[in-house]
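For the sequence shown, the positions run 44 to 134 when my numbering is used.
Only one structure is covered here, and it is reproduced in the block below.
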Amino acid sequence: MTAAKLTPSDLRLTVDPVSLGFQDTSELQGLPLSWAGQARAETAARFGLQMRQPGYNLLVLGAAGMGRTRMLTCMLHEQAALRPVPSDLCF
44 MTAAKLTPSD
54 LRLTVDPVSL
64 GFQDTSELQG
74 LPLSWAGQAR
84 AETAARFGLQ
94 MRQPGYNLLV
104 LGAAGMGRTR
114 MLTCMLHEQA
124 ALRPVPSDLC
134 F
């Protein structure tokens, strides 16, 4: 393997703002968060939510502010919509 000399511009990623598909981040409020880069975590969460036996729990780990709660809440709502309405409610 040979070493190559890099310039600062070689280490910088430039993104065309038009390619992002929004004008500013206020347009992103309320949209579901992406599991980008977390395919295994998404698969594991979907698997866990499909367990229909009592005694199963999900443990979600990660750094603060990454959106774990919001992503899982969105997935819970999605999964709940696919299931029948429970026959009884408790207050």
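Even for Gly, the Cβ is constructed at its ideal location relative to N, Cα and C.
### Query
Are the beta-carbon atoms belonging to Ala84 and Met118 less than 7 Å from one another?
no
#### Entry: Closest by C-alpha distance to Leu101, when choosing among Thr86, Ala107, Met109
Thr86
### Query
Who are the near neighbours of Gly91 in its chain, counting only those whose CB is closer than 6 Å to its CB and skipping five residues on each side?
Leu101
### Message
Distance check for Pro127 and Ser52, CA to CA, integer angstroms please.
### Response
55 Å
### Message
I need the DSSP call for Ser69, collapsed to helix, strand or coil.
### Response
helix
### CB contact flag (Leu76, Gly110, <7 Å)
yes
### Ser130 in three-state terms, based on DSSP
coil
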